[in-house]
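J.: The letter at position 87 of the sequence shown is residue 87 when you use full-length UniProt numbering, and the numbering goes up by one with no holes.
All residues carry an ideal CB built from backbone N, CA and C; glycine is no exception.
Bear in mind the structure is a predicted one, so any value in this text is a computation, not a measurement.
Before I ask anything, let me first share the structure, which is written out below as structure tokens.
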Amino acid sequence: MEYPLVKACIDLDAIQHNVQHLKQMIPGQSKFMAVVKANAYGHGAIRVAQKALKSGADWLGIARLNEAVELRKAGIQAPILMFGYIHPSQVRVAVDLDLVITVYEFEMAQQLSREARRSNKYVKAHLKVDTGMGRVGMIIDKPDKNPSCQTAEKQREIKQSARKKAVKEIKKILRLPGIDLNGIYTHFAAADSKDKTYTQMQIDLFTSLLEDLRKEAVDLEVCHAANSAGIIRFARSHFDMVRAGISLYGLYPSFEVDQSKVALVPAMSLTSIVTAVRNVPKGFYVSYGRTHKTQKPTRLASIPVGYADGFSRLFSSNGTMLVKGYKAPIVGRVCMDQTMIDVGDIPDVKTGDEVVLIGSQGNKTISADELAKKINTINYEIVSALTSRVERIYSDSGSVSG
1 MEYPLVKACI
11 DLDAIQHNVQ
21 HLKQMIPGQS
31 KFMAVVKANA
41 YGHGAIRVAQ
51 KALKSGADWL
61 GIARLNEAVE
71 LRKAGIQAPI
81 LMFGYIHPSQ
91 VRVAVDLDLV
101 ITVYEFEMAQ
111 QLSREARRSN
121 KYVKAHLKVD
131 TGMGRVGMII
141 DKPDKNPSCQ
151 TAEKQREIKQ
161 SARKKAVKEI
171 KKILRLPGID
181 LNGIYTHFAA
191 ADSKDKTYTQ
201 MQIDLFTSLL
211 EDLRKEAVDL
221 EVCHAANSAG
231 IIRFARSHFD
241 MVRAGISLYG
251 LYPSFEVDQS
261 KVALVPAMSL
271 TSIVTAVRNV
281 PKGFYVSYGR
291 THKTQKPTRL
301 ASIPVGYADG
311 FSRLFSSNGT
321 MLVKGYKAPI
331 VGRVCMDQTM
341 IDVGDIPDVK
351 TGDEVVLIGS
361 QGNKTISADE
371 LAKKINTINY
381 EIVSALTSRV
391 ERIYSDSGSV
401 SG
């Protein structure tokens with residue numbers, strides 16, 4: 001059996017803590033969706049989904065069909081919403097898996113309807129509407145071409161006209177055979193930004209659409225909008241369900257989100273070991289491209305983690321790892337399978353010593369946020385980038401399992 005050289009240690013008790021604390025922020029009647037797409041943001045979809053559901057989650061959110069297959073094969077029966085596109089040829093599989101599919105427009109719904117009738121099945125679906133994300137979804141707002149030249153009344157008329165058109169399209173979808181449309185949702189573009197104006201506009205637009213639908217006797221069962229930042233910052237966005245993604249894993253959506261609103265616990269730590277320690281002279285070149293040259297005699301430690309594990313090459317000579325409770329600088333380029341650190345100022349480093357890439361050792365901590373800041377990205381990417389080479393080890397109320 002291979003010894004795990006790189007381990008992502010997942011604290012399932014932290015998942016439970018985060019679900020329960022986030023649920024305290026939402027109305028009792030609102031459902032809670034645990035978003036476990038992308039292998040649960042690198043944490044392992046099956047174990048995280050199971051723990052989230054036991055902790056009070058009602059729904060699961062995924063992006064691709066194969067993610068749903070994995071969950072159902074593991075015996076998970078909770079409602080699953082698939083955010084991403086589904087090809088018409090996959091409809092039968094989705095129906096057999098009892099998935100809720102996202103539709104973006106009438107033409108897509110038509111295709112799904114045809115496939116459903118061909119299979120003599122019903123497709124469960126939620127409609128996604130674009131209130132300002134600009135990615136996918138039925139567009140329900142018409143941009144003002146010359147807002148400065150229009151009265152407020154005229155601008156309202158334009159927006160109402162766009163919503164009226166959307167309502168007609170939605171009613172057409174509801175009449176399609178084989179489609180069971182019982183939900184509608186939108187996604188926020190900037191809920192984690194300090195300025196709340198744009199998100200408030202998105203909430204207003206979504207709310208106005210729901211009101212227009214109700215006037216037409218269309219009352220969809222599950223209306224949802226709040227992502228992690230929405231849960232924490234915008235109570236008006238909670239509607240019938242919220243979708244917890246990054247916050248489920250104990251990470252905040254951005255540095256602009258007030259962390260005092262809810263105490264989250266990071267679920268992942270990432271560790272490795274020292275596999276070699278060498279004394280090297282001044283002027284010694286390290287790694288590919290000879291980008292690092294030692295400025296004095298020192299000791300270098302090799303760590304068996306690289307970009308094939310999801311540890312970005314952007315950390316080349318740009319970051320630290322914890323050894324013996326000290327922060328050791330990364331030197332030279334991150335390789336596919338190895339990274340070198342300078343341990344010249346750290347006493348007694350030897351082969352087999354634990355190395356922490358994310359997490360705590362002694363009184364020092366390296367967080368996913370710190371790593372993200374180093375390479376100008378977001379904590380989402382740091383954790384979800386971890387590949388299958390990294391073994392996930394789970395702890396749950398004292399028990400540990402691979």
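#1: Pro266 and Ala14 - do their beta-carbons sit closer together than 8 Å?
#2: Please state if the CB of Ser55 and the CB of Val91 are separated by a distance shorter than 8 Å.
#3: Please report how far the alpha carbon of Arg299 lies from the alpha carbon of Ser388, in whole angstroms.
#4: Assuming Ile232 is part of the alpha helix (DSSP H), what are its boundary residues?
#5: Given a cut-off of 8 Å, decide if Ala57 and Met33 are closer than it, judged by their beta-carbon atoms.
#6: I need the DSSP call for Pro79, collapsed to helix, strand or coil.
#7: Assign Met108 to one of three DSSP states: helix, strand, or coil.
#8: Residue 409 bridges to which residues according to DSSP?
#9: Could you have a look at His21 and say whether DSSP puts it in helix, strand or coil?
#10: Check Gly289 in the structure and name its three-state DSSP category.
#11: Using a Cβ distance threshold of 8 Å, determine whether the region 325 to 340 contacts the region 299 to 313, with at least three qualifying pairs required.
#12: What's the call for Tyr185, buried or exposed, on a 16-neighbour Cβ count within 10 Å?
#13: Report the option in Gly359, Arg47, Asp204 and Leu314 whose CA atom is closest to the CA atom of Asp141.
#14: Which of the three DSSP states is assigned to Pro88 in this structure?
#15: Could you give the DSSP three-state label for Gln361: helix, strand or coil?
#16: Between the alpha carbons of Ala217 and Leu181, how many angstroms are there, rounded?
#17: Just curious, the alpha helix (DSSP H) that Met201 is in, first and last residue?
#18: I'd like to check one pair, Phe106 with Lys159: are the Cβ atoms closer than 8 Å?
T.: The answer reads as follows:
#1: Their beta carbons are under 8 Å apart, which means Ala14 touches Pro266 by this criterion.
#2: no
#3: 31 Å
#4: Ser228 to Arg233
#5: Yes, the pair counts as a contact, with Cβ atoms nearer than the cut-off.
#6: coil
#7: Met108 falls in the helix class under three-state DSSP.
#8: Lying before the first or after the last residue shown, residue 409 is absent from the chain, which here runs from 1 to 402.
#9: helix
#10: helix
#11: yes
#12: buried
#13: Asp204
#14: helix
#15: strand
#16: 14 Å
#17: Thr197 to Lys215
#18: no
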